[in-house]
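Numbering (my numbering), first residue to last: 6 to 267.
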């Protein structure tokens, strides 16, 4: 009898774990699609983006970006559209599992190998595989939530080295996000958090996540009434100025704003 209870509890826990995994995969609910259909089969094209339309817990039909047409991969700056085909863009990237987690899972997202900067200006979800084959800057100007199943954390070193999954060098976050640290998923190598201390002023850039050994991009200047901004410094006393052209980021750091009274 005791053994049966153990087996039953084990089965229940396994089912709960499966449901948790499925919930992170954003299963499809479009009436035209089967529950486990590949979204790529239902893709549409608009403005240089591939996307499909789905209704999730947003309470509305929404566009989910699956990828880019060829000519969009060569742009110097790629701005994520707020709408495609008349539908609001609610997520960048999607996953498709061939059935109840037993088969392979396919990941769709933006491959922007020759793009220098990707800009997100509206609230949305960003799948943790939603941007790949990209080695530039991600600029976040809205409340962007990382959604997915932490797939990037488990990528093998072989996949990192073959060039398929390399990602951002700098991720500049110009909004105060509670869970900004999850953007580290887009820096496969050691990622360092750069925080800014406005020293009485108001920040415009709140955090930057930088791949280890990279230069730090210049953040937005903070503002303070009655003062002129005098640069970013490595110490609270503002004696050692950070040189954005020469200094590289090799650990988590905080930079301090210097103010000059008008």
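Where is the CB? At the ideal position from N, CA and C, for every residue including glycine.
Query                                                                                                                                : Result
Residue 133 burial status per 10 Å Cβ neighbour count (16 or more: buried)                                                           : buried
Close beta carbons around residue 80, own chain, < 7 Å, minus the five adjacent residues each side                                   : 120
Contacting residues, own chain, Cβ-Cβ under 8 Å from residue 206 (five flanking each side not counted)                               : 227, 228, 229, 232, 234, 262 and 264
Coarse secondary structure for residue 76, derived from DSSP in three states                                                         : helix
Which of helix, strand or coil DSSP assigns to residue 109                                                                           : coil
Cα-Cα separation between residue 47 and residue 77, rounded to whole angstroms                                                       : 20 Å
From 249, 248 and 259, residue whose alpha carbon lies closest to that of residue 268                                                : Residue numbering for the chain in the displayed model covers 6 to 267; residue 268 lies beyond these limits and cannot be assessed.
The segment 187-202 / the segment 242-259 touching (three or more Cβ pairs under 8 Å)                                                : yes
Proximity of residue 51 and residue 90 at Cβ, strictly below 8 Å                                                                     : yes
Minimum C-alpha distance to residue 209 - residue among 223, 216 and 215                                                             : 223
Contacts around residue 1, its chain only, beta-carbon distance under 8 Å, and the 5 residues preceding and following it disregarded : The first residue shown for the chain is 6 and the last is 267, placing residue 1 beyond what the model contains.
Secondary structure of residue 116, DSSP reduced to three states                                                                     : strand
Minimum C-alpha distance to residue 129 - residue among 95, 123, 73 and 110                                                          : 95
Contact under 8 Å by Cβ, residue 246 with residue 238                                                                                : yes
For residue 219, the residue or residues it bridges with in DSSP                                                                     : 254
Residues bridged to residue 214 [DSSP beta-bridge criterion]                                                                         : 176 and 198
Through-space distance from residue 93 to residue 1, alpha-carbon basis                                                              : Since the first residue shown for the chain is 6 and the last is 267, residue 1 is missing from the structure and cannot be characterised.
Nearest-angstrom beta carbon gap, residue 71 and residue 99 [assumed within contact, 8 Å]                                            : 6 Å
Residue 175 classed as buried or exposed, judged by whether at least 16 other C-beta atoms fall within 10 angstroms                  : buried
Rounded straight-line distance, which links the Cα of residue 267 to that of residue 55                                              : 51 Å
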